[in-house]
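K.L.:
Residue numbers (this note's numbering): 258 to 458.
Every residue gets a Cβ at the ideal spot worked out from N, C-alpha and C, and that includes glycine.
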DNA sequence: ACCCAGGGTCATA
DNA sequence: TATGACCATGGG
């Protein structure tokens, strides 16, 4: 599965926006917000910073936490332009990019890694709630372990390759979304049959 | 009418 | 350092 086939976006900036909007939120809600950003021609750092804050909040409303996320998007836009935008950021090494993103208010480890992997194509493994739930139910990791610790486990188990990391993450999300909706705890037994993911252990 | 969902920050002890 | 409150929507 190609990276872009499950995180569709026209450019790196759109992925950055999506990474913030999807915080603790289903992707279907994020799609609505992004669609509305496009309709209002607000899907650029310059346009967001120049827009009326109340309007921006209203436009991204479907993604939830819209007041918080409005501030976070503006902080990210600010940083993005200050550094010189996509052209400059694309030249940064992975560690510098990740550290820089983490400095932005509202960008935590998962949001930063979404951006590092999907927008700038550096090999970093994204740890999300699905990863924690599914693999802890399989008894393969401690759900409460710190982000960096879990990330290290996956990065040691999987070859450090952008497409591979994106592929595994996509598989995890697919299970998180599609299996056993009425019985969430059944995810583990469904997962056992999927060789690709079972091999992660 | 409930329950859940792909985070992160801040205040408190 | 660790735990809890808070942010808010949409779908099952």
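Run the CB neighbour count on residue 359, radius 10 Å, all protein chains shown included, and call it buried at 16 or more, exposed below.
P.N.:
Translated into positions along the first chain, residue 359 becomes position 102. Exposed, since its Cβ has fewer than 16 Cβ neighbours within 10 Å.
K.L.:
State whether the stretch 383 to 393 contacts the stretch 333 to 349, with contact taken as three or more CB pairs (one from each stretch) at a distance under 8 Å.
P.N.:
With the cut-off at 8 Å, the stretch 383 to 393 and the stretch 333 to 349 do not touch.
K.L.:
Does residue 447 come out as helix, strand or coil in the three-state DSSP assignment?
P.N.:
As a first step, residue 447 is located in the first chain; it is residue number 190 there, counting from the start. Confidence at residue 447 is low in this model, with a pLDDT of 47, below 50, so its placement is unreliable and the value that follows should be read with caution. Of the three classes helix, strand and coil, the one that applies to residue 447 here is helix, per DSSP.
K.L.:
Starting from residue 342, follow the alpha helix (DSSP H) in both directions and report where the run begins and ends.
P.N.:
The sequence position of residue 342 within the first chain is 85, counting from 1. It spans 342 to 346 - the alpha helix (DSSP H) in which residue 342 sits, taken as one unbroken run.
K.L.:
With H, G and I counted as helix, E and B as strand and the rest as coil, what does DSSP make of residue 280?
P.N.:
Sequence index remark: in the first chain, residue 280 carries index 23 (1-based). Looking at residue 280 - three-state DSSP - the assignment turns out to be coil, as it is neither helix nor strand.
K.L.:
Compare the beta carbon distance of residue 326 and residue 277 with 7 Å and say whether it is the shorter of the two.
P.N.:
Against the first chain, residue 326 aligns to sequence position 69. Against the first chain, residue 277 aligns to sequence position 20. The answer is yes: Cβ separation under 7 Å.
K.L.:
Taking residue 280 as the reference, which of 385, 426, 303, 304 has the closest Cα?
P.N.:
Locating residue 280 in the first chain gives position 23, counting from the first residue. When only C-alpha atoms are compared, the closest one is 385.
K.L.:
Please check the pair residue 316 and residue 338, which I expect to be a contact at CB under 8 Å, by giving their CB distance rounded to whole angstroms.
P.N.:
By one-based count along the first chain, residue 316 stands at place 59. By one-based count along the first chain, residue 338 stands at place 81. Contact flag wrong, Cβ pair sits at about 20 Å.
K.L.:
Which residue comes first and which comes last in the alpha helix (DSSP H) that contains residue 360?
P.N.:
In the first chain, the residue the question calls residue 360 occupies position 103. 351 to 360 is the extent of the alpha helix (DSSP H) around residue 360.
K.L.:
Evaluate residue 361 with the Cβ neighbour count: other Cβ atoms within 10 Å of its Cβ, from every protein chain shown; 16 or more gives buried, anything less gives exposed.
P.N.:
One-based indexing of the first chain puts residue 361 at position 104. Looking at its Cβ environment, which holds 16 or more other Cβ atoms inside 10 Å, residue 361 is buried.
K.L.:
Could you give the C-beta distance for residue 377 and residue 422, rounded to a whole number, given that I count them as a contact under 8 Å?
P.N.:
Counting from one through the first chain, the residue named residue 377 turns up at place 120. Counting from one through the first chain, the residue named residue 422 turns up at place 165. In this structure, residue 377 and residue 422 do not form a Cβ contact; the two beta carbons are roughly 13 Å apart against a cut-off of 8 Å.
K.L.:
I believe residue 306 touches residue 271 by the beta-carbon criterion, under 8 Å. Please report the beta-carbon distance rounded to the nearest angstrom.
P.N.:
On the first chain, position 49 is the one that residue 306 refers to. On the first chain, position 14 is the one that residue 271 refers to. About 16 Å separates the two Cβ atoms, so there is no contact after all.
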